[in-house]
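Those letters in the sequence shown? Residues 44 to 298, by the working numbering.
By construction, the Cβ of each residue, glycine as well, lies at the ideal position given by its N, Cα and C atoms.
Just so we're clear, the structure is a prediction, and the values are computed from it rather than from any experiment.
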Amino acid sequence: MKYIAACDTDIGITKKINQDSVCVKTAKTSTGMAALVMVCDGMGGLSRGELASAEVVRSFAEWFDTEFPFELPDWDWQTAAHNVISRLRRLNAMLVHYGSHNNLQLGTTATGIIAVNSEYMTFHVGDSRIYKISDKLSQITDDHTYVNRAVKMGKMTPEEALSDPRRNALVQCIGVTGEVAPEIRLGNLENDVTYMVCSDGFRHVLTEKEIFDELSAKNTSTKKNMQSKMRQLIETVKNRAESDNITVALFRAEL
(Lines of atoms letter the chains of each structure in order from A; the text may use other names.)
(Lines give C-alpha, C1' and ligand atoms only; values in the text may rest on other atoms or scores of the structure.)
Protein backbone atom coordinates (compact mmCIF):
# COMPACT_ATOMS: atom_id res chain seq x y z
CA MET A 44 0.00 0.00 0.00
CA LYS A 45 1.14 3.51 -0.79
CA TYR A 46 -0.21 6.94 0.17
CA ILE A 47 0.22 9.99 -2.07
CA ALA A 48 -0.56 13.43 -0.65
CA ALA A 49 0.23 17.07 -1.36
CA CYS A 50 -1.07 20.55 -0.57
CA ASP A 51 -0.83 24.16 -1.69
CA THR A 52 -1.97 27.47 -0.25
CA ASP A 53 -1.99 31.05 -1.52
CA ILE A 54 -2.74 34.39 0.09
CA GLY A 55 -4.74 35.34 -3.01
CA ILE A 56 -5.03 38.74 -4.64
CA THR A 57 -6.70 40.95 -2.00
CA LYS A 58 -5.86 39.76 1.53
CA LYS A 59 -2.89 41.02 3.54
CA ILE A 60 -2.66 37.82 5.60
CA ASN A 61 -3.21 34.19 4.71
CA GLN A 62 -5.61 33.04 7.42
CA ASP A 63 -5.76 29.49 6.05
CA SER A 64 -3.64 26.75 7.60
CA VAL A 65 -2.99 23.32 6.07
CA CYS A 66 -1.34 20.11 7.21
CA VAL A 67 -0.40 17.00 5.24
CA LYS A 68 1.41 14.18 7.04
CA THR A 69 1.93 10.57 5.99
CA ALA A 70 3.82 7.88 7.87
CA LYS A 71 4.87 4.29 7.39
CA THR A 72 4.41 2.58 10.76
CA SER A 73 4.90 -0.87 12.19
CA THR A 74 1.19 -1.53 11.62
CA GLY A 75 1.01 -0.03 8.12
CA MET A 76 0.34 3.38 6.58
CA ALA A 77 -1.18 6.40 8.30
CA ALA A 78 -2.04 9.94 7.25
CA LEU A 79 -3.41 13.24 8.48
CA VAL A 80 -4.71 15.75 5.90
CA MET A 81 -6.51 18.88 7.09
CA VAL A 82 -7.43 22.44 6.19
CA CYS A 83 -8.45 25.22 8.58
CA ASP A 84 -9.85 28.49 7.23
CA GLY A 85 -9.50 31.35 9.71
CA MET A 86 -12.52 33.62 9.81
CA GLY A 87 -11.73 36.55 7.54
CA GLY A 88 -14.12 38.90 9.32
CA LEU A 89 -12.58 38.25 12.72
CA SER A 90 -9.46 39.84 14.12
CA ARG A 91 -7.10 36.86 14.48
CA GLY A 92 -8.37 34.13 12.19
CA GLU A 93 -4.81 33.12 11.28
CA LEU A 94 -4.03 32.45 14.96
CA ALA A 95 -7.10 30.24 15.35
CA SER A 96 -6.46 28.18 12.20
CA ALA A 97 -2.76 27.75 13.01
CA GLU A 98 -3.50 26.62 16.57
CA VAL A 99 -5.97 23.94 15.46
CA VAL A 100 -3.56 22.61 12.82
CA ARG A 101 -0.67 22.69 15.31
CA SER A 102 -2.66 20.66 17.85
CA PHE A 103 -3.54 17.92 15.34
CA ALA A 104 -0.03 17.85 13.84
CA GLU A 105 1.50 17.50 17.31
CA TRP A 106 -0.94 14.69 18.14
CA PHE A 107 -0.02 12.85 14.91
CA ASP A 108 3.71 13.13 15.66
CA THR A 109 3.75 12.37 19.38
CA GLU A 110 0.59 10.54 20.52
CA PHE A 111 -0.76 8.80 17.44
CA PRO A 112 2.12 6.25 17.14
CA PHE A 113 1.34 4.93 20.62
CA GLU A 114 -2.40 4.68 19.84
CA LEU A 115 -1.93 2.67 16.63
CA PRO A 116 -1.34 -0.82 18.13
CA ASP A 117 -4.82 -0.72 19.73
CA TRP A 118 -6.44 1.50 17.10
CA ASP A 119 -10.22 1.63 17.25
CA TRP A 120 -12.23 3.99 15.05
CA GLN A 121 -14.99 4.64 17.58
CA THR A 122 -12.43 5.65 20.19
CA ALA A 123 -10.60 7.72 17.60
CA ALA A 124 -13.82 9.55 16.68
CA HIS A 125 -14.52 10.29 20.35
CA ASN A 126 -10.96 11.61 20.79
CA VAL A 127 -11.17 13.87 17.72
CA ILE A 128 -14.48 15.34 18.87
CA SER A 129 -12.99 15.93 22.33
CA ARG A 130 -9.91 17.61 20.84
CA LEU A 131 -12.01 19.94 18.68
CA ARG A 132 -14.20 20.85 21.66
CA ARG A 133 -11.14 21.55 23.83
CA LEU A 134 -9.67 23.75 21.11
CA ASN A 135 -12.98 25.56 20.78
CA ALA A 136 -13.15 26.24 24.51
CA MET A 137 -9.50 27.37 24.58
CA LEU A 138 -9.94 29.81 21.70
CA VAL A 139 -13.22 31.18 23.10
CA HIS A 140 -11.46 31.73 26.45
CA TYR A 141 -8.43 33.36 24.81
CA GLY A 142 -10.65 35.65 22.76
CA SER A 143 -12.76 36.78 25.70
CA HIS A 144 -9.70 37.55 27.83
CA ASN A 145 -7.95 39.48 25.07
CA ASN A 146 -10.99 41.27 23.65
CA LEU A 147 -10.65 39.42 20.35
CA GLN A 148 -12.95 37.42 18.11
CA LEU A 149 -11.12 34.57 16.49
CA GLY A 150 -12.47 31.48 14.78
CA THR A 151 -11.71 28.87 12.18
CA THR A 152 -13.16 25.98 10.25
CA ALA A 153 -11.58 22.56 10.85
CA THR A 154 -11.90 19.87 8.21
CA GLY A 155 -9.73 16.83 7.64
CA ILE A 156 -9.07 13.16 7.07
CA ILE A 157 -7.29 10.64 9.26
CA ALA A 158 -6.36 7.43 7.43
CA VAL A 159 -5.00 4.16 8.79
CA ASN A 160 -4.22 1.52 6.17
CA SER A 161 -7.36 1.07 4.04
CA GLU A 162 -9.79 2.91 6.34
CA TYR A 163 -10.40 6.57 7.06
CA MET A 164 -12.32 9.04 9.16
CA THR A 165 -13.36 12.57 8.21
CA PHE A 166 -13.89 15.31 10.79
CA HIS A 167 -15.55 18.61 9.98
CA VAL A 168 -16.70 21.91 11.45
CA GLY A 169 -17.55 24.89 9.22
CA ASP A 170 -17.66 25.30 5.45
CA SER A 171 -14.33 23.99 4.25
CA ARG A 172 -15.08 20.85 2.28
CA ILE A 173 -13.95 17.31 1.53
CA TYR A 174 -14.65 15.92 -1.93
CA LYS A 175 -14.29 12.39 -3.21
CA ILE A 176 -13.05 12.26 -6.80
CA SER A 177 -13.76 8.87 -8.43
CA ASP A 178 -15.79 8.50 -11.63
CA LYS A 179 -17.47 11.73 -10.51
CA LEU A 180 -17.00 14.53 -7.99
CA SER A 181 -18.89 14.04 -4.72
CA GLN A 182 -18.97 16.36 -1.71
CA ILE A 183 -18.75 14.23 1.44
CA THR A 184 -19.03 16.96 4.08
CA ASP A 185 -22.03 19.11 4.91
CA ASP A 186 -21.59 22.90 4.97
CA HIS A 187 -22.34 24.28 8.42
CA THR A 188 -23.80 27.50 7.02
CA TYR A 189 -26.98 29.46 7.52
CA VAL A 190 -28.09 29.03 3.92
CA ASN A 191 -27.41 25.29 3.82
CA ARG A 192 -29.50 24.85 6.96
CA ALA A 193 -32.25 26.98 5.43
CA VAL A 194 -32.24 24.86 2.25
CA LYS A 195 -32.53 21.65 4.30
CA MET A 196 -35.45 23.11 6.22
CA GLY A 197 -37.19 24.06 2.97
CA LYS A 198 -36.98 27.79 3.71
CA MET A 199 -34.73 28.53 0.74
CA THR A 200 -34.03 26.95 -2.64
CA PRO A 201 -30.47 25.92 -3.64
CA GLU A 202 -30.59 28.62 -6.31
CA GLU A 203 -31.54 31.29 -3.76
CA ALA A 204 -28.74 30.10 -1.47
CA LEU A 205 -26.11 30.79 -4.15
CA SER A 206 -26.85 34.51 -4.19
CA ASP A 207 -28.04 35.07 -0.62
CA PRO A 208 -25.88 37.67 1.19
CA ARG A 209 -25.68 35.30 4.19
CA ARG A 210 -24.21 32.43 2.15
CA ASN A 211 -20.87 32.64 4.01
CA ALA A 212 -22.41 32.93 7.49
CA LEU A 213 -21.46 29.89 9.58
CA VAL A 214 -23.73 28.30 12.15
CA GLN A 215 -20.71 26.76 13.85
CA CYS A 216 -16.93 27.05 13.78
CA ILE A 217 -14.05 26.57 16.20
CA GLY A 218 -13.44 29.46 18.59
CA VAL A 219 -16.66 31.48 18.39
CA THR A 220 -19.59 29.61 19.93
CA GLY A 221 -19.79 27.90 23.31
CA GLU A 222 -20.52 24.47 21.84
CA VAL A 223 -19.56 22.73 18.61
CA ALA A 224 -20.91 19.49 17.13
CA PRO A 225 -18.22 18.11 14.80
CA GLU A 226 -19.37 15.98 11.88
CA ILE A 227 -17.60 12.59 11.82
CA ARG A 228 -17.80 9.97 9.06
CA LEU A 229 -16.04 6.64 8.63
CA GLY A 230 -15.22 4.97 5.34
CA ASN A 231 -12.97 2.65 3.37
CA LEU A 232 -10.32 3.98 0.98
CA GLU A 233 -10.72 2.92 -2.62
CA ASN A 234 -8.15 2.44 -5.36
CA ASP A 235 -7.88 5.28 -7.91
CA VAL A 236 -9.99 7.56 -5.75
CA THR A 237 -8.63 10.96 -4.72
CA TYR A 238 -9.84 12.90 -1.70
CA MET A 239 -9.67 16.69 -1.77
CA VAL A 240 -9.83 18.99 1.26
CA CYS A 241 -10.21 22.69 0.46
CA SER A 242 -11.13 26.08 1.85
CA ASP A 243 -14.08 27.87 0.31
CA GLY A 244 -11.71 30.27 -1.47
CA PHE A 245 -10.51 27.41 -3.67
CA ARG A 246 -13.93 26.26 -4.84
CA HIS A 247 -16.00 29.45 -5.17
CA VAL A 248 -15.14 30.28 -8.79
CA LEU A 249 -14.38 26.78 -10.10
CA THR A 250 -16.98 24.49 -11.62
CA GLU A 251 -17.31 20.91 -10.46
CA LYS A 252 -16.34 19.82 -13.97
CA GLU A 253 -13.10 21.81 -13.80
CA ILE A 254 -12.17 20.29 -10.45
CA PHE A 255 -12.99 16.77 -11.65
CA ASP A 256 -11.19 17.11 -14.97
CA GLU A 257 -7.97 18.45 -13.45
CA LEU A 258 -7.78 16.46 -10.21
CA SER A 259 -9.00 12.99 -11.18
CA ALA A 260 -6.63 10.11 -10.47
CA LYS A 261 -5.31 9.91 -14.03
CA ASN A 262 -4.04 13.51 -13.78
CA THR A 263 -2.65 13.23 -10.24
CA SER A 264 -0.78 9.93 -10.35
CA THR A 265 2.27 11.33 -8.53
CA LYS A 266 2.91 13.95 -5.87
CA LYS A 267 4.54 16.12 -8.53
CA ASN A 268 1.42 15.87 -10.71
CA MET A 269 -0.76 16.74 -7.73
CA GLN A 270 1.28 19.83 -6.96
CA SER A 271 1.27 20.96 -10.58
CA LYS A 272 -2.49 20.58 -10.99
CA MET A 273 -3.31 22.27 -7.69
CA ARG A 274 -1.10 25.25 -8.54
CA GLN A 275 -2.70 25.47 -11.99
CA LEU A 276 -6.17 25.66 -10.47
CA ILE A 277 -5.07 28.15 -7.82
CA GLU A 278 -3.78 30.46 -10.55
CA THR A 279 -7.11 30.05 -12.37
CA VAL A 280 -8.94 31.04 -9.18
CA LYS A 281 -6.75 34.13 -8.78
CA ASN A 282 -7.26 35.11 -12.42
CA ARG A 283 -11.02 34.99 -11.82
CA ALA A 284 -10.65 37.58 -9.04
CA GLU A 285 -11.46 35.37 -6.05
CA SER A 286 -11.04 37.63 -3.01
CA ASP A 287 -10.34 34.98 -0.36
CA ASN A 288 -7.28 32.98 0.63
CA ILE A 289 -6.98 29.75 -1.37
CA THR A 290 -6.01 26.34 0.06
CA VAL A 291 -6.29 22.77 -1.21
CA ALA A 292 -4.90 19.36 -0.24
CA LEU A 293 -5.10 16.04 -2.10
CA PHE A 294 -4.81 12.52 -0.72
CA ARG A 295 -4.99 9.09 -2.32
CA ALA A 296 -4.19 5.51 -1.37
CA GLU A 297 -2.87 2.98 -3.86
CA LEU A 298 -4.10 -0.31 -2.45
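- Counted as a single uninterrupted DSSP element, the stretch harbouring L147 is not any alpha helix (DSSP H), since DSSP gives it neither H nor E.
- The shortest C-alpha to C-alpha distance from C50 to any of M44, S64 and G221 is the one to S64.
- DSSP, reduced to helix, strand and coil, places T122 within a helical segment of the structure shown.
- Shown here, S143 sits in a helix according to DSSP, grouped into three states.
- In this structure, the straight-line span from the alpha carbon of F107 to that of R209 is close to 36 Å.
- Cβ neighbours of G85 within its own chain (closer than 6 Å, five residues either side excluded): Q62, G92, E93, A95, S96 and T151.
- In the three-state reduction of the DSSP assignment, S286 falls in the coil class, being assigned neither a helical nor a strand state.
- Within the same chain, Cβ atoms closer than 8 Å to the Cβ of E251 are found at L180, the five residues on either side in sequence being excluded.
- When rounded, the separation of the alpha-carbon atoms in K59 and D119 is 42 Å.
- Fewer than three beta-carbon pairs drawn from the segment 134-147 and the segment 194-211 are found closer than 8 Å, and the two stretches are therefore not classed as touching.
- Rounded to the nearest angstrom, the Cβ distance from V100 to A292 is 11 Å, too far for a contact under 8 Å.
- Under the DSSP definition of a beta bridge, C66 partners with M81.
- The segment 218-228 makes no contact with the segment 242-262; the number of CB pairs closer than 8 Å stays below 3.
- Looking at the DSSP output, S181 shares a beta bridge with K175.
- Here T69 really is in contact with Y46; their C-beta atoms are around 5 Å apart, less than 8 Å.
- Looking only at M199, A136, R283 and A153, the smallest Cα-Cα distance to G55 is reached by R283.
- The segment 180-192 makes no contact with the segment 109-124: fewer than 3 CB pairs, one atom from each, lie closer than 8 Å.
- The residues V190, A193 and D207, in chain order, have a CB closer than 8 Å to that of M199 in the same chain once the five nearest residues on each side in sequence are set aside.
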